[in-house]
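Shown next, in structure tokens, is the structure this report addresses.
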Amino acid sequence: MPLTEAIGEATINGLAYVGALARITGGAVRAAFSGPPRARTQRWRRAVHQAMSAGVEALPVVSLISFFVGMIVALQGAYQLRKLGAMQLVAAAVALIITRELGPLMTAVMVIGRSGSAFAAEIGTMKVDEELDALETMALEPVPFLVAPKFLAMILMMPCLTTWADFMGVVGGGVFGVAKAGFTWGTYFHATLDALVQRDIITGLIKSLMFGIVITAVGCQEGFSTGLGPEEVGRSTTSAVVKSIFLVIAVDLIFTAIFYFTAPQ
Amino acid sequence: MAKKPSRNEETPREETGPSISVRNLRVNYGEREILHSISFEVRAGETLVILGGSGSGKSTLLRALAGLAEPKEGEIWIRGKNFAAMPNSERDVLRKKMGMSFQGGALFGSMTVGENVALPLREHTPLDESTIEIVVRLKLDQVGLSGFEDYMPAQLSGGMKKRAAVARALAMDPEILFFDEPSAGLDPIIAAGIDELILKLKAAYAITMVVVTHEMSSAYLIADRMILIDKGNIIASGTPQEMRESQLPRVRQFLDRVPEPEVTGEIDYLQMLTGENAPGRQ
Numbered sequence: 008m009p010l011t012e013a014i015g016e017a018t019i020n021g022l023a024y025v026g027a028l029a030r031i032t033g034g035a036v037r038a039a040f041s042g043p044p045r046a047r048t049q050r051w052r053r054a055v056h057q058a059m060s061a062g063v064e065a066l067p068v069v070s071l072i073s074f075f076v077g078m079i080v081a082l083q084g085a086y087q088l089r090k091l092g093a094m095q096l097v098a099a100a101v102a103l104i105i106t107r108e109l110g111p112l113m114t115a116v117m118v119i120g121r122s123g124s125a126f127a128a129e130i131g132t133m134k135v136d137e138e139l140d141a142l143e144t145m146a147l148e149p150v151p152f153l154v155a156p157k158f159l160a161m162i163l164m165m166p167c168l169t170t171w172a173d174f175m176g177v178v179g180g181g182v183f184g185v186a187k188a189g190f191t192w193g194t195y196f197h198a199t200l201d202a203l204v205q206r207d208i209i210t211g212l213i214k215s216l217m218f219g220i221v222i223t224a225v226g227c228q229e230g231f232s233t234g235l236g237p238e239e240v241g242r243s244t245t246s247a248v249v250k251s252i253f254l255v256i257a258v259d260l261i262f263t264a265i266f267y268f269t270a271p272q
Numbered sequence: 122m123a124k125k126p127s128r129n130e131e132t133p134r135e136e137t138g139p140s141i142s143v144r145n146l147r148v149n150y151g152e153r154e155i156l157h158s159i160s161f162e163v164r165a166g167e168t169l170v171i172l173g174g175s176g177s178g179k180s181t182l183l184r185a186l187a188g189l190a191e192p193k194e195g196e197i198w199i200r201g202k203n204f205a206a207m208p209n210s211e212r213d214v215l216r217k218k219m220g221m222s223f224q225g226g227a228l229f230g231s232m233t234v235g236e237n238v239a240l241p242l243r244e245h246t247p248l249d250e251s252t253i254e255i256v257v258r259l260k261l262d263q264v265g266l267s268g269f270e271d272y273m274p275a276q277l278s279g280g281m282k283k284r285a286a287v288a289r290a291l292a293m294d295p296e297i298l299f300f301d302e303p304s305a306g307l308d309p310i311i312a313a314g315i316d317e318l319i320l321k322l323k324a325a326y327a328i329t330m331v332v333v334t335h336e337m338s339s340a341y342l343i344a345d346r347m348i349l350i351d352k353g354n355i356i357a358s359g360t361p362q363e364m365r366e367s368q369l370p371r372v373r374q375f376l377d378r379v380p381e382p383e384v385t386g387e388i389d390y391l392q393m394l395t396g397e398n399a400p401g402r403q
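What follows is the structure in structure tokens.
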């Protein structure tokens, strides 16, 4: 195949995939806020169930990872700051990098591993076991029934998890700050709060919301496109993880660029 | 050669006409045509058994009837309406009057048996929770699963899963029930139990039932009428008695369980796949 044709085909496929993600997202959002009240109540009930497994149960691992990452950022920052004799800036460095970038990103990576893959596996298994067909014969559409609760759970839980991850990251950085950079816990938190402006936290949370949407859409889309046979579930799970990580980073870049160019000088 | 099915050209009338009427149905799987111009009718209250070997197209036919496979051509009239030509929203109205029991049960693994049966009621009816609970108990009782409300599907045996799936299919009091291989993968005693359940439902509710199977003993027992599908065509239809007496070679081969002659060469194999001058077919 000539190179131009290959590029063209890849572009069309890529756009079609993004289109499919948009369709699934639109369908889920519509279903979450429309439909008969009773069906809506059911969706919210399932959303709470999903929020427990995607959000609350993710707390330990998200806490630990962001604690470590906060510590790593402090160590790496200290390398450079030590040369400048500016160790007191460690708190600010950790605060900014964690809230703006690594808090949302590391949370997303954890959630992809725990929930994005689970969404793909759940829906994929349902497809293989004819459960999606069973839904259809019961006049129940899969997107409102299966995807809408996951969306609700994720757009609710991602900002919460990220906020917690931000806090744990700062605590991780604080351990180094207190041990090696001459801070007390009081001065460390004070320095953190001084370094942060509202915009840092809000942009991080907006990103986390977008990541949540991407992870759910990709996980569910990969589940629905599972082929025949149990081995296909494994394939779609892997594919959900790889595509989610790629798209989360792409979305991260886009939003970081938007925030950079719209930032007040 | 294959006996052509008789075509009934009469327009189905609402309520009084046949429950299901299929006309010149063609269904493709990708590029390959699985069903070639199939026509038949199922009368209201009748149990029709669709027989056929593996890959004959019988499951595809059932999927098309349930709206899970899109026909390439032809019509499927259900209760006087052309189901195949309807948009999905209208199909859903009819679907609430239809139930389907899948080969593996297709129960939702994350819900209890009771929640599975309650699902269509919760989603489609204004019934309150206490009424739903009663209906669920009633439906499970009908299939012989009283007291299993709180079990998860994974805790049930194969036969029990199928019974639970039937209870779920019955939840909305359907007028039409589809069964995909109800006795597949079950031991003879459990399979006989499922046959008995089908007979019981038939006697109690006069539901129109379409059952896909390759189990002859079960087919003879439950069928009012049967059709035999081979390579995407109906090659015979009639009452169990008529089928037993059929002298068509392909029908006899199926009923008498005569294996296909062994394929020896590539050409034979290709012919067997395409169905043209297939070995064993005269």
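Residue numbers (this note's numbering), protein chains in the order written: chain A, 8 to 272; chain B, 122 to 403. Glycine residues also receive a C-beta, built at the ideal position from the N, C-alpha and C atoms. Being a predicted model, the structure only gives us computed values, none of them experimental.
message: Quick check: is the beta carbon of A186/A nearer than 7 Å to any beta carbon in chain B?
response: For A186/A, the answer is no, since every Cβ of chain B falls outside 7 Å of its Cβ.
message: By alpha-carbon positions, which one of A99/A, G219/A, L200/A, D201/A ends up nearest to T169/A?
response: G219/A
message: Let me check one thing: in DSSP terms, what residues is E154/B bridge-paired to?
response: N149/B
- request: Note down, in chain order, each residue of its chain lying with its Cβ closer than 7 Å to the Cβ of D192/A, except the 5 sequence neighbours on either side.
  value: The amino acid occupying residue 192/A in the given sequence is Trp; Asp does not appear at that position. Only G181, V185 meet the Cβ criterion.
field: Proximity test, Cβ basis, 7 Å: F300/B and chain A
entry: no
For D262/B, three-class secondary structure by DSSP: helix
field: Identity of the residue in I19/A, A65/A, R37/A, A39/A nearest C167/A by Cα
entry: With distances taken between Cα atoms, C167/A lies closest to A65/A.
- prompt: Alpha carbon to alpha carbon, how far is A141/A from S251/A?
  reply: 28 Å
task: Under 6 Å Cβ to Cβ from L307/B, same chain only, skipping five residues before and after it: list those, please.
output: Taking C-beta separations shorter than 6 Å and ignoring five residues to either side along the sequence, the partners of L307/B in its chain run G279, G280, following chain order.
message: Which residues does DSSP list as the beta-bridge partners of S338/B?
response: DSSP output for S338/B lists no bridge partner at all.
task: Check R144/B in the structure and name its three-state DSSP category.
output: strand
field: F174/A versus I255/B - alpha carbon distance
entry: 49 Å
query: Does the Cβ-Cβ distance between A357/B and V379/B come in under 7 Å?
result: no
query: Using a Cβ-Cβ cut-off of 7 Å (strictly less than) and excluding sequence neighbours within five positions of E387/B, which residues of its own chain qualify?
result: none
message: Applying the 10 Å Cβ sphere with the 16-neighbour rule, what's the burial state of L267/A?
response: Going by the sequence as given, residue 267/A is Tyr instead of Leu. Label assigned to Y267/A: exposed.
- request: Go ahead and label K134/A buried or exposed: buried means 16 or more other beta carbons lie within 10 angstroms of its beta carbon, across all protein chains shown.
  value: buried
Where T168/B sits in the DSSP three-state scheme: Strand.
query: Less than 7 Å separating the beta-carbons of A257/A and P156/A?
result: no
field: Distance between A188/A and A172/A (C-alpha atoms, nearest Å)
entry: 22 Å
query: When we look at the beta-carbon of M330/B and count the other beta-carbons within 10 Å, is it buried (16 or more) or exposed?
result: buried
- prompt: Once you ignore the five residues that flank M217/A on each side, which residues in its own chain have a CB closer than 8 Å to its CB?
  reply: For M217/A, where only same-chain residues beyond five positions count, the Cβ hits under 8 Å are V258, F262.
- prompt: In chain order, what residues of the same chain have a beta carbon less than 7 Å from the beta carbon of D207/A, not counting five sequence neighbours either side?
  reply: Within the same chain, D207/A has close Cβ partners L103, T106, R107.
message: Suppose you measure from the CA of A128/A to the CA of A98/A; what does that come to, to the nearest Å?
response: 41 Å
message: Short of 8 Å Cβ to Cβ, which residues in the segment 43-77 of chain A face chain B?
response: With the criterion set as a beta carbon lying under 8 Å from some beta carbon of chain B, the members of the segment 43-77 of chain A are R45, A46, Q49, in sequence order.
query: How would you write the range of the beta strand (DSSP E) that R365/B sits in, first residue to last?
result: Run containing R365/B: none in the beta strand (DSSP E); it sits in the alpha helix (DSSP H), 361-366.
task: With a floor of 3 residues, list each beta strand (DSSP E) that falls wholly inside the segment 52-115 of chain A, ordered by position along the chain.
output: none
task: Taking all protein chains shown into account, decide if V404/B is buried (16 or more other Cβ within 10 angstroms of its Cβ) or exposed.
output: The question about residue 404/B has no answer here: the residues shown for chain B are numbered 122 through 403.
- request: Note down the Cα distance separating F74/A from V225/A, rounded to an integer number of angstroms.
  value: One alpha carbon belongs to F74/A, the other to V225/A, and they sit about 28 Å apart.
query: Leaving out five residues before and five after G230/A in sequence, what residues of the same chain have Cβ atoms less than 8 Å from its Cβ?
result: F126, A127, A128, E129, I130, G131, M133, K134, S243, A247
- request: Report all residues from its chain with a CB closer than 6 Å to the CB of F215/A; omit the five preceding and five following residues, and keep chain order.
  value: Looking at the sequence provided, one finds Ser at residue 215/A rather than Phe. If we look at S215/A and ignore the five residues flanking it on each side, its Cβ neighbours are P111, M165, P166, T169.
task: Return the chain-ordered ranges of every alpha helix (DSSP H) run that is complete within the segment 202-272 of chain A and spans a minimum of 4 residues.
output: 205-231, 238-269
field: Chain-ordered neighbours of L96/A on chain B, where CB pairs are closer than 8 Å
entry: Within chain B, no residue comes near L96/A; the closest Cβ sits about 50 Å away, beyond 8 Å.
- request: Using beta-carbon positions only, say whether C151/A and A29/A come within less than 7 Å of one another.
  value: Here residue 151/A is Pro; the residue named in the question, Cys, does not match the sequence. No. Outside cutoff.
- prompt: Out of curiosity, what's the CA-to-CA distance linking L169/B and N145/B?
  reply: 18 Å
- prompt: M145/A CB to nearest chain B CB: under 7 Å?
  reply: Chain B contact via Cβ: present.
query: Whose Cβ in chain A lies nearer than 8 Å to the Cβ of G225/B?
result: D136, E137
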